[in-house]
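Asks:
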Amino acid sequence: MKLDIGCGPKCLPGFIGVDRFPLPGVQVVADLDRPLPFGDSSVELVHASHSLEHVSDLIFTMKELYRVCKHKAQICIVVPYYEQKLNLANPYHLQVFNEHTPRFWSSCSWAPIDKREYYHPHAVTWGLSQSDNSNPGLEIRLLRMEFFYFPKFNRIDPSCQRELRQHLTDVCHQIVYHLVVWKEDDEHGYLELAENLDGYPFLDTPALRESRTAAKAYSAEGFSTVSYAEELLGKRLKEQHDYVAECEAKLLRHEKLIGLLTVGPDLPAVDMKRMDDYLDTNYRSRKPRDYRLGKEVPIGGYIEYQIKGSGPCNSIFVYVYLSADAQGAQLGIELVGKSSNIIWNSTTVLSGVDTIGLVRFSLGNVLQQEEVAFIRFFGRDSDPCVKIVECSMVSRWPLRPNKLVPCAYFSYDE
Numbered sequence: 001m002k003l004d005i006g007c008g009p010k011c012l013p014g015f016i017g018v019d020r021f022p023l024p025g026v027q028v029v030a031d032l033d034r035p036l037p038f039g040d041s042s043v044e045l046v047h048a049s050h051s052l053e054h055v056s057d058l059i060f061t062m063k064e065l066y067r068v069c070k071h072k073a074q075i076c077i078v079v080p081y082y083e084q085k086l087n088l089a090n091p092y093h094l095q096v097f098n099e100h101t102p103r104f105w106s107s108c109s110w111a112p113i114d115k116r117e118y119y120h121p122h123a124v125t126w127g128l129s130q131s132d133n134s135n136p137g138l139e140i141r142l143l144r145m146e147f148f149y150f151p152k153f154n155r156i157d158p159s160c161q162r163e164l165r166q167h168l169t170d171v172c173h174q175i176v177y178h179l180v181v182w183k184e185d186d187e188h189g190y191l192e193l194a195e196n197l198d199g200y201p202f203l204d205t206p207a208l209r210e211s212r213t214a215a216k217a218y219s220a221e222g223f224s225t226v227s228y229a230e231e232l233l234g235k236r237l238k239e240q241h242d243y244v245a246e247c248e249a250k251l252l253r254h255e256k257l258i259g260l261l262t263v264g265p266d267l268p269a270v271d272m273k274r275m276d277d278y279l280d281t282n283y284r285s286r287k288p289r290d291y292r293l294g295k296e297v298p299i300g301g302y303i304e305y306q307i308k309g310s311g312p313c314n315s316i317f318v319y320v321y322l323s324a325d326a327q328g329a330q331l332g333i334e335l336v337g338k339s340s341n342i343i344w345n346s347t348t349v350l351s352g353v354d355t356i357g358l359v360r361f362s363l364g365n366v367l368q369q370e371e372v373a374f375i376r377f378f379g380r381d382s383d384p385c386v387k388i389v390e391c392s393m394v395s396r397w398p399l400r401p402n403k404l405v406p407c408a409y410f411s412y413d414e
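Under the UniProt record's numbering, the first residue of the sequence shown carries the number 1, and numbering increases by one thereafter.
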């Protein structure tokens, strides 16, 4: 017995027409949302063209087709491809059909088609019918999948068609599944069948032949499908490259931050010695020192640290962290005296800082460090998050709390 499910007024010759309405050519009136009026394992071939998208419960309908079909019965399903605007707008289309849909009708780990057609990083093997840890009660295996494209995409390379279909809307308008019902525990038989598909009697209807002929006859005159595809794919490729570059930049930034927190500042030996000497002289702390990130430098406000020092200086070096590329961000600094008077202030662009770096401020005139009681930092146009690297000064005396000071030092350059 051969069934044409949802045939409408155009039942295939030699098939039993099944539809929910008593149209011309319909021999059995049946609702596809209810059990089919046919006995178990009584059907050898099923054709369903533009009918299954209308059912309410696709798995129920597929289980009914599995029930009435014999072992190795062929099922040919023609449905609208989901990712097209007309299909999305159609309120009578209740089901989703794309390259992944038949994966939920089988538990077999493979299918005789190119894996690139259905690759997904979260579902590498083919069959997904038991992906919710239940037994769906059917095993319908895919033999072939055929795509019908909108005219402008008919004449381009299949790999480009696949890339466009999987990423864009209105590329593919129809998909055909050629399936086989598998009821017996005979994996060797299935493997043998899959290896000899060239001689398999796939159902080929007049409507499918007409669609293929129309696709081949389409003329690309006045429209360059290749340039169109290259433009779209080039844009997507650039987006992917930009995303990879962004991820690599974030990874490098995190690696530098981890290095700071675990090993300490990554500075040239001369600068590191100057900073160590300054901290040893003025804070009398023990080593090893711990480093961390301070609060974000605000715009419209400031963060303030109490500092110590002695002797003349004409420059100050500050170790800073940027959470993103600087893009012209600025950091401001103020030196405040013991009477809360501002002794000196300046602003500098952080364009030379790559995630973590040492910033030099030239004081211009020579100052005595004893005059400075506090140092303040403030932001200017700092869209990226700017933070001062802090050093935890461990007291040489037990029970005394640690003190956080900016990772900075004064210098006198003659």
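For every residue, glycine included, the Cβ atom is placed at its ideal position computed from N, Cα and C.
What is the DSSP secondary structure of His120, reduced to helix, strand or coil?
Replies: coil
Asks: Using only the alpha-carbon positions, how far apart do Val9 and Val18 sit?
Replies: With the sequence shown as reference, residue 9 is identified as Pro, and Val is not the correct amino acid for it. For Pro9 and Val18, the distance between alpha carbons rounds to 10 Å.
Asks: I'd like the list of long-range same chain contacts for Val353, defined as Cβ closer than 7 Å, with 5 residues on each side in sequence excluded.
Replies: The residues are Val320, Leu322, Ala326, Val359.
Asks: If I follow the unbroken alpha helix (DSSP H) through Tyr283, where does it start and stop?
Replies: From DSSP, the alpha helix (DSSP H) with Tyr283 extends over 269-283.
Asks: Determine, using beta carbons only, whether Phe378 and Val318 come nearer to each other than 8 Å.
Replies: no
Asks: In this structure, does DSSP put Ala30 in helix, strand or coil?
Replies: Looking at Ala30 - three-state DSSP - the assignment turns out to be coil, as it is neither helix nor strand.
Asks: May I have the straight-line CA-CA distance separating Val79 from Ala245, to the nearest angstrom?
Replies: Cα to Cα, Val79 sits roughly 40 Å from Ala245.
Asks: Using the rule of at least 16 other Cβ atoms within 10 Å of the residue's Cβ for burial, across every protein chain shown, is Asn87 buried or exposed?
Replies: buried
Asks: Which word fits Pro206, buried or exposed, when buried means at least 16 other C-beta atoms lie within 10 angstroms of its C-beta?
Replies: exposed
Asks: Do the CB positions of Glu146 and Val124 come within less than 8 Å of each other?
Replies: no
Asks: Given Ile16, which residues of its chain have a CB within under 8 Å of its CB, disregarding the five upstream and five downstream residues?
Replies: Met1, Lys2, Leu3, Asp4, Gln27, Val28, listed in sequence order.
Asks: If Leu257 sits next to Arg292, beta carbons under 8 Å apart, how far is it from one beta carbon to the other, in whole angstroms?
Replies: Not confirmed; about 10 Å, so no contact.
Asks: Measure the alpha-carbon distance for Ser339 versus Phe374 and round it to whole angstroms.
Replies: 10 Å
Asks: Just verifying my parser: in three-state terms, what is the DSSP assignment at Asp4?
Replies: strand
Asks: Can you tell me the Cα-Cα spacing of His173 and Phe148, whole angstroms?
Replies: 6 Å
Asks: Can Gln74 and Leu197 be called in contact, C-beta distance under 8 Å?
Replies: no
Asks: Measure the beta-carbon distance from Gln95 to Leu58 and round it to whole angstroms, keeping in mind my assumption that it falls under 8 Å.
Replies: 5 Å
Asks: Taking only three categories from DSSP, how would you classify Gln130?
Replies: The answer is coil: DSSP assigns Gln130 none of H, G, I, E or B.
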